[in-house]
Structure formats: C-alpha cells, structure tokens
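Numbering (the numbering used here), first residue to last: 2 to 139.
Where a beta carbon is used, it is the ideal one built from N, C-alpha and C, also for glycine.
Below is one structure; the comments refer to it alone.
Right under this line is the structure:
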C-alpha cells in the first residue's frame, strides 16, 4: 500500500500519512468513501456498521473525536479494514469533516454519515456510478 496520493494531498494528509492510504483513491475515477464523524456513539455504531458494510464503498473512515465510550473497540471488533482515525482532543464534528475533505483532496466522492443514522443500502454507490459514468445528458 502506498501512502502518497498520486492526485495530490491536503496538508493534513501530508502530516498524518500513517492513517491515509492512497490506494483507496485513484486518478480517472471517483470512488465513494464513507466518512463517519463519531463522538461517544459506540452503541449507534453497532447498528450502523453492518449497514455500511452492505454498501460498495472504496473505504470507510470513522473520524473519532476523542471518544471515551469504547467506540474504537466496536469498530475494530466489527471489521479491522475500517480506517479508525482517532482525534486527540474533542474538536467537533465539523473539524472531523474538514479533516477528511482536506486529506482526500477532491480525489473521492465523500459520503458523510452521522453515527446515529442508518443509510439506505446501495443508494450512494448507485448515485456515484451515475456521476462518474461520463454520460453528459441532463
């Protein structure tokens, strides 16, 4: 796995490359990445993660905001391939969203999912396919 983004990388990515895996993004296509800001939502994550696993995401990021409720354990126990990005201090959901936008640097379609919501299965990847199909109608 490469830790450099061939399409460019935001400043946060450059400083925190240990969690950023550029193999999830590729030039010429826009994969869909799930980004889930989290603060002490371990119970909700137990319901959300199975639903997210049914989607066709290129990667899933849990953007943790210094949780103290065992959220990391819930994520790791569910699927070790999920990228758990632990914050060292509580900065708020907006700061977590900004971290992933900066890190991916427009190289993916980012689907933000609140930790307490349950998205419909297959809807987001379906929309992404439409966006990236090259069909210029409409």
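Through-space distance from residue j to residue i, alpha-carbon basis
| i | j | result |
| --- | --- | --- |
| residue 110 | residue 35 | 9 Å |
| residue 69 | residue 89 | 11 Å |
| residue 54 | residue 76 | 12 Å |
| residue 33 | residue 91 | 26 Å |
| residue 67 | residue 74 | 13 Å |
| residue 58 | residue 44 | 22 Å |
| residue 81 | residue 104 | 21 Å |
| residue 108 | residue 56 | 19 Å |
| residue 83 | residue 60 | 7 Å |
| residue 134 | residue 121 | 22 Å |
| residue 25 | residue 85 | Note on residue 25: pLDDT 45, under 50, position unreliable in the model; no value is reported. |
| residue 118 | residue 131 | 24 Å |
| residue 52 | residue 99 | 24 Å |
| residue 112 | residue 127 | 12 Å |
| residue 72 | residue 40 | 8 Å |
Beta carbon of residue i nearer than 7 Å to that of residue j
| i | j | result |
| --- | --- | --- |
| residue 46 | residue 97 | no |
| residue 62 | residue 101 | yes |
| residue 129 | residue 38 | no |
| residue 79 | residue 50 | yes |
| residue 42 | residue 116 | yes |
Which of helix, strand or coil DSSP assigns to residue i
| i | result |
| --- | --- |
| residue 143 | Because the chain in this structure spans residues 2 to 139, residue 143 falls outside the shown range and cannot be described. |
| residue 129 | helix |
- [ ] Return the chain-ordered ranges of every alpha helix (DSSP H) run that is complete within the segment 21–103 and spans a minimum of 4 residues.
- [x] The qualifying runs are 43–54, 72–79.
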